[in-house]
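Numbering (the numbering used here), first residue to last: 510 to 631.
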């Protein structure tokens, strides 16, 4: 069985490669705008992806399916605001920027890390 996995995460998610896991085993890595052909001996398989501590939910795929990996649009803005808050807090010495940045990053790391990537069939 072969499944084509396409990565379309944009500039925010494109800094490093993501691991493609088929039935719990790592099969390869995907760079941004890259296509990976995942193989499994069965007719169906469970596919997940991860990058460091950011994960996706699993998706059941069949032979010949086209799968696309994207970023979860709910958590990407919080990540950017968190990073900007930390940077601006360091530049201006304003504690409010640090607090907002840390809160946003904590939300992303606790709630968004398990659902950072979205896998869907095309």
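Cβ coordinates follow ideal geometry from the N, Cα and C atoms, glycine included.
Residue i burial status per 10 Å Cβ neighbour count (16 or more: buried)
i: residue 575; result: exposed
i: residue 566; result: exposed
i: residue 553; result: exposed
i: residue 530; result: buried
i: residue 610; result: buried
i: residue 516; result: buried
Nearest residue (CA-CA) to residue i, options the options
i: residue 532; options: 538, 584, 522 and 558; result: 558
i: residue 623; options: 544, 561 and 551; result: 561
i: residue 540; options: 551, 549, 547 and 527; result: 527
i: residue 550; options: 571, 616 and 590; result: 571
i: residue 536; options: 513, 592, 520 and 613; result: 513
Run of the beta strand (DSSP E) containing residue i, from where it starts to where it stops
i: residue 537; result: 534-539
i: residue 547; result: 544-548
i: residue 554; result: 553-560
Three-way DSSP call (helix, strand, coil) for residue i in this model
i: residue 629; result: strand
i: residue 528; result: strand
i: residue 624; result: helix
Check: residue i C-beta below 7 Å from any heavy atom of the ligand SAM
i: residue 557; result: This structure lacks the ligand SAM, and indeed carries no ligand of any kind.
- Query: Can you list, in chain order, the stretches of the beta strand (DSSP E) that have 3 or more residues and sit fully within the stretch 569-597?
  - Reply: 575-580
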